[in-house]
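When the letters of the sequence shown are read in order and numbered with our numbering, they come out as residues 8 to 139.
One structure is given below, encoded as structure tokens.
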Amino acid sequence: MEDCVFCKIVAKKIPSYSIYEDDSFYGFLDIRPLNLGHSLLIPKRHFRFVYDVPDFGRYFETARKMAKNIQKATDASSINFLTVGEEVHHAHIWIIPRFENDGGVLDLKNFKKISPEEMKSIATTITSQISF
Ligand SMILES: [Zn+2]
Numbered sequence: 008m009e010d011c012v013f014c015k016i017v018a019k020k021i022p023s024y025s026i027y028e029d030d031s032f033y034g035f036l037d038i039r040p041l042n043l044g045h046s047l048l049i050p051k052r053h054f055r056f057v058y059d060v061p062d063f064g065r066y067f068e069t070a071r072k073m074a075k076n077i078q079k080a081t082d083a084s085s086i087n088f089l090t091v092g093e094e095v096h097h098a099h100i101w102i103i104p105r106f107e108n109d110g111g112v113l114d115l116k117n118f119k120k121i122s123p124e125e126m127k128s129i130a131t132t133i134t135s136q137i138s139f
């Protein structure tokens with residue numbers, strides 16, 4: 008879809024910190040992370056909402072596997088999944104690592120400043136955990 012930032016990321020017209028890719032789905036780090044390792048999993052085809060994605064079960068199974076890799080890479084105490092569908096109108100699952108004492112209930116505006124070097128490094132570490 009034209010003018011969709013996530014479609015442009017899938018088409019590599021906008022760069023991203025890639026952490027997962029298969030024939031249907033693409034995973035990458037959120038550039039406005041709530042924690043180190045905060046990632047997005049999107050369908051490569053444009054769908055408005057997560058529940059519009061035809062292979063819904065496989066979509067969430069992929070999110071679960073990605074979450075396990077992220078947890079291993081970041082040593083997170085748990086992982087939060089979030090699907091809201093605002094801001095970018097292309098289906099996406101937020102996969103957010105949580106840590107002890109990181110603020111309790113998720114504050115959706117508490118973006119962390121993480122340097123490009125750290126982003127690159129955690130993307131590499133997540134990718135190297137591959138358990139797919
Ligand atoms: Zn799109």
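Idealized CB from N, CA, C, for every residue including glycine.
Only a predicted model underlies this, so the values are computations on that prediction, with no experimental measurement involved.
*Which whole-angstrom value describes the C-beta separation of Ile103 and Leu43, a residue pair presumed to lie in contact below a C-beta threshold of 8 Å?*
Within the sequence shown, numbered from 1, the residue matching residue 103 stands at position 96. Within the sequence shown, numbered from 1, the residue matching residue 43 stands at position 36. Contact doesn't hold; Cβ gap of about 10 Å is too wide.
*DSSP on Arg105, reduced to helix/strand/coil?*
Within the sequence shown, the letter at position 98 stands for residue 105. Of the three classes helix, strand and coil, the one that applies to Arg105 here is strand, per DSSP.
*Classification of Val112 by the beta-carbon crowding that lies within 10 angstroms, buried from 16 upward*: Position 105 of the sequence shown, counted from the start, is the residue given in the question as residue 112. Counting of Cβ neighbours within 10 angstroms places Val112 among the exposed residues, the total staying below 16.
*Taking buried to mean at least 16 other C-beta atoms within 10 Å of its own C-beta, is Thr131 buried or exposed?*
The residue labelled residue 131 in the question sits at position 124 within the sequence shown. So Thr131 ends up on the exposed side.
*Report the residue ranges of all alpha helix (DSSP H) runs contained in full by the stretch 34-104; include only those spanning at least 4 residues, in chain order.*
When DSSP assignments are scanned along the stretch 34-104, the uninterrupted stretches of alpha helix (DSSP H) that are 4 or more residues long and fall wholly within it turn out to be 63-81.
_Extent of the continuous beta strand (DSSP E) run through Glu28_ = Residue 28 sits at position 21 when you count from the first residue of the sequence shown. That run of the beta strand (DSSP E) goes 25-28.
*Sort Gln136, Arg71, Ser135, Leu115 by Cα distance to Val91 and report the nearest one.*
Taking the first residue of the sequence shown as position 1, residue 91 is located at position 84. Per the Cα distances, Leu115.
*Just confirm the distance between the C-beta atoms of Asn76 and Ile137, as a whole number of angstroms; I'd bet it's less than 8 Å.*
As a working note, residue 76 is residue 69 in the sequence shown. As a working note, residue 137 is residue 130 in the sequence shown. Yes, Asn76 and Ile137 are in contact; Cβ-Cβ is about 7 Å, under 8 Å.
*How long is the line joining the alpha carbons of Phe88 and Ser122, rounded to whole angstroms?*
Here residue 88 is taken as the residue at index 81 of the sequence shown, counted from 1. Here residue 122 is taken as the residue at index 115 of the sequence shown, counted from 1. Rounded to whole angstroms, Phe88 to Ser122 spans 24 Å at the Cα level.
*Out of curiosity, what's the CA-to-CA distance linking Met8 and Trp101?*
Along the sequence shown, read from residue 1 onward, the residue named residue 8 stands at position 1. Along the sequence shown, read from residue 1 onward, the residue named residue 101 stands at position 94. If I take the Cα positions, the gap works out to 21 Å.
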